[in-house]
Amino acid sequence: MYKFILKRLFMLIPVLLGVSFIVFTIMSLTPGDPVQLYLGDNYSQEAHDQISEELGLNDPFLIRYAKYIFNALQGDLGNTYSTKRPVTTEIFARFPATVRLAGAALFFAIAVGMPLGIVSAVKQYSLTDNASMLVALLGVSMPNFWLGIMLILLLAANLGIFPASGDVGFKSLVLPAITLSANSLATITRMTRSSMLEIIRQDYIRTARAKGLRESVVVFRHALRNAMIPIITSAGLQFGFALGGAVLVETVFSWPGIGRLLVDAIKLKDTPLVLGLVLVMAVSFTVINLVIDILYAFFDPRVKAQYK
Amino acid sequence: MENLLEIKNLTVEYHTQGEIVRAVNGLSLSLRQGESLGLVGETGAGKTTTALSILQLVADPPGKIMGGEIFFEGVDLLKTKKSLLRSVRGNKISMIFQDPMTSLNPVYSVGFQIAEVIRLHESCSQEEARRKAGEMLEMVGIPKERYDEYPHQFSGGMKQRVVIAMSVACSPRIILADEPTTALDVTIQAQVLELMNDLKEKLQTSMLLITHDLGVVAQVCDRVAIMYSGEIVEQGTIPEVFDHPAHPYTIGLFGSIPTLSMSSTKLTPIDGQMPDPTELPAGCSFSPRCPYARAECHKEKPGITRIPGEETHELRCFALGWELPDEALMEVIKRGR
């Protein structure tokens, strides 16, 4: 198991190299002059040439990439063009907010979605089932910026229960988290339902009932654990996407996350910042995938047996 | 001797997409203390549904127990409270399922799955249950060191042993064994049957053995009931039914067993198919295939009659008392065994 985890962590290296190379290439192929951004509106040709030289923009493409990687290995991702502060500082000023938002959204999606899915499966075609499938349908089909605006209107503007925007303590987390979770909540509900429906028809569930176990024990101990694999897969993927920043939700709630930071960086052709953000996202996605794989082994001994 | 289990007029239907499948039709059956009853019939005859009904494990939907009574220890299991039914399941009546590959939960260790039923019904400590589950494993011939292993680490025959250990863990009064050897290969079949016989003697348990293998019945059972299209068409002790099969279906069954002593190139099947359980014939359900059927057979359903001169041999057929013409067939049957 430890060997497996180590092996997977080593696989991060080629992934990061590949991702950084692709993004680096794309950024240098897109039109636009970063020096212009760096210097602002009024500058002389000499200043332009000097900064160009300083930023190493006159070097051939591969040299520039090699230099970037060389510095990155020492923990230096360069300075942003726009604020001229270190990229790492910029990112880690914003990343915790994203983690908090994504975490809260995931928690809400699981806490609501899984019970809904379980009830739907156990009482298939019942009123509860139909109701939660309706919730799931709404969840996937509602654009989340709209849901965000509606929540702000109702719970912030009219009732004043929650703050409408910004990151000012726990209360301000509630609305953006609910908004961001709508989609994953719907997916998790549907996933739980279909997975549970398949499992409760298995022979070993009948065996569990034949033992005389209570229905709740049959469902939670015997069925749910078997149904977990597709559920954690989809929950993990959703969490991974959320960690990459949720531009719309962040914009609606003025949430200081990395989603908006990335969009702004791309617009300004702030190559070091874009690269840094993409690398952070790649690392978090890979780590989440690893966590999902470890959870598989936790839930299913057959999977664990393969991790040798 | 008093009946331990008594099923009266059990009717079970499956309701699917506008069709009603009549799986069990007014079946009556009884089982005495310490007795083994073989329930024989072809696929779709309603054997498994009957066994599942006793513990009310018929999948609902689509299955529905429409009527009847199932008395166990003086209580009608079909009308009793859920909690009482749960205290019977796995404890006083336990079940061995057909397919050992799928009847164990893949994510729990085999030891845990045995200990679970012990802890549930015997309200003992975790260590106590673990110790006893280990003993159960030893009893079915699996070293208790394998307690913490998972079903995927066991072969099919071993898994069936685990299922058996699980079903006898609480010393039940009745074991419902649903084709316990069908999914196993022949040598393992023999081992499992022997194991079940041993356990039955040791524990004085009654058994309802569902099978379509008449050889297994002869080896294990005291009595046999032949099931056709959701009804019992003939039942009696092994010598009664095996030596003097009376129902044309039973005769056909014995006749279809190929023999080693006679060289034959063709099997002797019973002509035709079992009737569609969504549209059962009006009269005797075997009448469309019966070589002896007369006009009344197609119109009226025969009742159950005791065969004169025999103690427990019962028959659901009008042919009792008729001269059955096919002496040659009977000869084949007799020589076949």
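Just so you know, the protein sequences line up as chains A and B, in that order. So in numbering that gives the first Met the number 0, spot 283 of the first sequence is number 282, and the numbers just go up one at a time. So in numbering that gives the first Met the number 0, spot 242 of the second sequence is number 241, and the numbers just go up one at a time. Backbone N, C-alpha and C define an ideal beta-carbon position, used for all residues, glycine too. Bear in mind that the values here come from a model prediction, so they are computed numbers and not experimental data.
_I want to verify the contact list: residues of chain B whose CB lies under 8 Å from the CB of A/D269, in sequence order._
What A/D269 touches in chain B: nothing, since even the nearest Cβ is about 49 Å away.
*May I ask you to check if the CB of B/I173 is nearer than 6 Å to at least one heavy atom of the ligand NAP?*
In the structure shown, the ligand NAP is absent, as is every other ligand, since no ligand is present at all.
_Can you pull the chain B neighbours of A/F284, defined as C-beta to C-beta under 7 Å?_
Result: empty, since nearest Cβ-Cβ is about 27 Å, beyond 7 Å.
*Of the listed residues A/L289, A/S51, A/A296 and A/A304, nearest to A/K6 (C-alpha basis)*: It is A/L289.
_Distance between B/R145 and A/L274 (C-alpha atoms, nearest Å)_ = Their backbone Cα atoms lie some 53 Å apart in a straight line.
*Quick one: is B/F153 buried, meaning 16 or more other Cβ sit within 10 Å of its Cβ, or exposed?*
By the neighbour-count rule (16 or more Cβ atoms within 10 Å), B/F153 is buried.
*What in chain A is Cβ-close to B/D98, meaning under 8 Å?*
Residues of chain A passing the Cβ test: D202.
*asked:* Closest to A/L174 by C-alpha separation, out of A/W254, A/A92 and A/L260, would be which residue?
replied: When only C-alpha atoms are compared, the closest one is A/W254.
*Shortest alpha-carbon distance to A/I291 belongs to which of A/R63, A/S233 and A/L72?*
With respect to the C-alpha of A/I291, the residue from A/R63, A/S233 and A/L72 having the closest C-alpha is A/S233.
*Beta bridge counterpart(s) of B/Y338 as assigned by DSSP*: Nothing about residue 338 of chain B can be reported from this structure: the residues present for chain B run from 0 to 336 only.
*Is there at least one Cβ from chain C nearer than 7 Å to B/G89's Cβ?*
Although the question refers to chain C, the structure presented lacks it and instead comprises the protein chains A and B.
*Can you tell me the Cβ-Cβ gap for B/L3 and B/R31, rounded? I've got them flagged as a contact below 8 Å.*
That pair is a contact at about 6 Å.
*First and last residue of the beta strand (DSSP E) that includes B/E178?*
Taken as a continuous stretch (DSSP letters only), B/E178 belongs to no beta strand (DSSP E), as it is neither H nor E.
*Determine the direct distance from the alpha carbon of A/K66 to that of A/Q73, and round the result to whole angstroms.*
Take the alpha-carbon of A/Q73 and the one of A/K66: they are about 11 Å apart.
*Return the residues of the segment 205–220 of chain A that lie within a Cβ-Cβ distance of less than 9 Å from chain B, sorted by chain order.*
Residues R205, T206, A207, R208, A209, K210, G211, L212, R213, E214, V216 and R220.
*Report buried or exposed for B/Q339, applying the criterion of at least 16 other Cβ atoms within 10 angstroms of its Cβ.*
Given that chain B is displayed from residue 0 to residue 336, the structure contains no residue 339 of chain B and the question cannot be resolved.
*Can you give, in chain order, each stretch of the beta strand (DSSP E) that sits fully within the segment 207–279 of chain A and has at least 3 residues?*
Counting only runs of 3 or more, we get nothing.
*Just the Cα atoms here: how many angstroms apart are A/P13 and A/F219?*
Looking at the backbone, the Cα of A/P13 and that of A/F219 are separated by about 40 Å.
_Does B/L36 come out as helix, strand or coil in the three-state DSSP assignment?_
In the structure shown, the three-state DSSP call for B/L36 is strand.
*Determine the DSSP secondary structure at B/M65, reduced to helix, strand or coil.*
Three-state DSSP puts B/M65 in a strand.
*Inter-stretch contact at 8 Å, needing at least 3 Cβ pairs: the segment 134–148 of chain A / the segment 245–261 of chain A*: In this structure the segment 134–148 of chain A touches the segment 245–261 of chain A; the number of beta carbon pairs closer than 8 Å is three or more.
*Alpha carbon to alpha carbon, what distance is there between B/E178 and B/G140?*
Taking the CA atoms as reference points, B/G140 sits about 20 Å from B/E178.
*Let me know if A/E89 comes out buried or exposed under the rule of 16 or more other beta-carbons within 10 Å of its beta-carbon.*
With 16 or more other Cβ atoms within 10 Å, it is buried.
*Which residues of chain B have a Cβ atom closer than 7 Å to the Cβ of A/F298, listed in chain order?*
The CB of A/F298 comes closer than 7 Å to the CB of V106 in chain B, given here in chain order.
_Neighbourhood of A/D58 by C-beta, 8 Å cutoff - its chain only, sequence neighbours within 5 removed_ = Only K66 meet the Cβ criterion.
*Check B/H312 in the structure and name its three-state DSSP category.*
Correct three-state label for B/H312: coil.
*So, does the CB of B/Y387 fall closer than 7 Å to a CB anywhere in chain A?*
Shown here, chain B extends from 0 to 336; a query on residue 387 of chain B therefore has no answer.
*Beta-carbon spacing of B/L183, B/E233 below 7 Å*: No, Cβ-Cβ distance for B/L183 and B/E233 is not below 7 Å.
*Reference B/A22, options B/E5, B/H312, B/K298 and B/L9, closest by Cα*: Nearest C-alpha to B/A22: B/L9.
*asked:* Please tell me whether B/V57 has its Cβ less than 7 Å away from any Cβ of chain A.
replied: Chain A, which has no Cβ nearer than 7 Å to the Cβ of B/V57, makes this no.
*Where does B/A318 fall in DSSP's three states?*
DSSP places B/A318 in coil when its eight states are reduced to three.
*Would you say B/M195 faces chain A, with C-beta separation under 7 Å as the test?*
Chain A contact via Cβ: absent.
*Can you tell which of B/C169, B/G155 and B/A58 has its C-alpha closest to the C-alpha of B/T186?*
Out of B/C169, B/G155 and B/A58, B/G155 has the C-alpha closest to the C-alpha of B/T186.
_I need the boundaries of the beta strand (DSSP E) containing B/E5, first residue and last residue._
Its beta strand (DSSP E) spans residues N2 to T15.
*Quick one: does B/T42 have its CB under 7 Å from some CB of chain A?*
With its beta carbon at least 7 Å from every one in chain A, B/T42 lies outside the interface.
*So, using beta-carbon positions, are A/A226 and A/I198 closer together than 7 Å?*
Taking the C-beta atoms as reference points, A/I198 is found nearer than 7 Å to A/A226.
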